[in-house]
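Engineer: Structure below; questions to follow.
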Amino acid sequence: MQMTESTLSFTNKNHLVTESYKTEDKLNVRILTHRLYTQPKVDFVEWVLDKVEWRGNETAVDIGCGSGNYVAAGQTRCQTYIAGDLSFGMVQALSHPNLPRLNMDAQQIPLASSSVDVVLANHMLYHVPDKEAALREVKRVLRPGGWLVAATNSAGNMAELFSLRRQAMQRLNIPINPVLEKSPVADLFSLENGRSILKNYFRHIQRHDLAGALVFPAPQPVLDYIASTRDVLETFLPSVTWDMLYSQLQALLAEHFASHDEFRVNKLGGVFICYP
Ligand SMILES: C[S@@+](CC[C@H](N)C(=O)[O-])C[C@H]1O[C@@H](n2cnc3c(N)ncnc32)[C@H](O)[C@@H]1O
């Protein structure tokens, strides 16, 4: 796989914990955007967790919990829910009282072997530089009969948003890096290549897909969503400022909304449920 500045910033620990996920703000913009503008209205977290047959007495560990999107729904399904993340800022900001929490790296999970029934690794494996190490660790901490729940996106997810970004860059004569043509998860851990990565560690793998769309009624939430990834995008802006790119995005969206009532971004997400 071609390693570029962008893919490096996508998996670089220092960039992740000091920029992308230092605090929960940027991630929460994206989570809220999906909640507000996705059609049809499906609660993705509930949809994912319903793919597992919970007994109710499990210990589950969420190994890239972010701002705690899965915590409340997870706690209602199991006995003990442990929230972990690489970013200390994320773990510290979790507001759930009495929640066991770990500032941890998925490549070295600080739990005993065979100590949990469920590992949740949702929308995070694409950030892990050594996925093989992380999956070895997941398998080590799982008890016999346990599962891994690994949600991610399709390589073709949100193509219209990438296209908008590319058009804005073209207007500024920024050379288009091929990585910008597709979702950054495409080569890292996507619905399409996930099974081939997981199959060395799990014998039974189910893939569930959920298609939908973000339907934006106005430009601002589109701009806010793109701005929430500014730290990664700026690695592609050697010769222009962020404000110049933002102005081009505003102009493109104004042109679009002059003749359309909405801006539609197709989505394909899903989850792998894996049994060793
Ligand atoms: C896109 S967010 C997903 C958060 C949450 N799982 C969700 O679905 O809403 C990715 C999270 O993974 C965390 N992360 C990235 N690399 C990690 C690693 N090696 N170990 C643990 N967490 C990691 C980031 O800090 C971030 O909070």
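The opening position of the sequence shown corresponds to residue 62 in our numbering, with each subsequent residue numbered one higher.
C-beta: ideal position from N, C-alpha, C; glycine also.
These numbers come from a predicted model, not from an experiment.
1) Taking only heavy atoms of ligand 1 into account, decide whether any of them is closer than 8 Å to the Cβ of residue 273.
2) Among all the DSSP beta bridges, which residues are the ones paired with residue 100?
3) Please report the distance separating the alpha-carbon of residue 328 from that of residue 215.
4) Give every residue of the same chain whose Cβ lies closer than 7 Å to the Cβ of residue 250, excluding the five residues on either side of it in the sequence, and list them in chain order.
5) Is it buried or exposed, residue 267, if we count other Cβ atoms within 10 angstroms and call 16 or more buried?
6) Between which residues of its own chain and residue 323 is the CB-CB distance below 7 Å, once the five residues before and five after are set aside?
7) Ignoring anything shorter than 4 residues or poking outside the stretch 187-237, list the alpha helix (DSSP H) runs there in chain order.
8) Can you tell me where the beta strand (DSSP E) holding residue 334 begins and where it ends?
9) Just to confirm, does residue 200 get its C-beta within under 8 Å of one of the non-hydrogen atoms of ligand 1?
10) Pull up the distance between the alpha-carbon of residue 228 and that of residue 308, whole angstroms please.
11) Which stretch, first to last residue, makes up the beta strand (DSSP E) that contains residue 142?
Structural biologist: So, from the data block:
1) no
2) 274
3) Their backbone Cα atoms lie some 8 Å apart in a straight line.
4) 186, 187, 192, 213, 258
5) exposed
6) 276, 277, 278
7) 192-202, 220-232
8) 324-336
9) No; taking the cut-off as 8 Å, the Cβ of residue 200 has no heavy atom of ligand 1 nearer than that.
10) 12 Å
11) Segment 141-146, the beta strand (DSSP E) holding residue 142.
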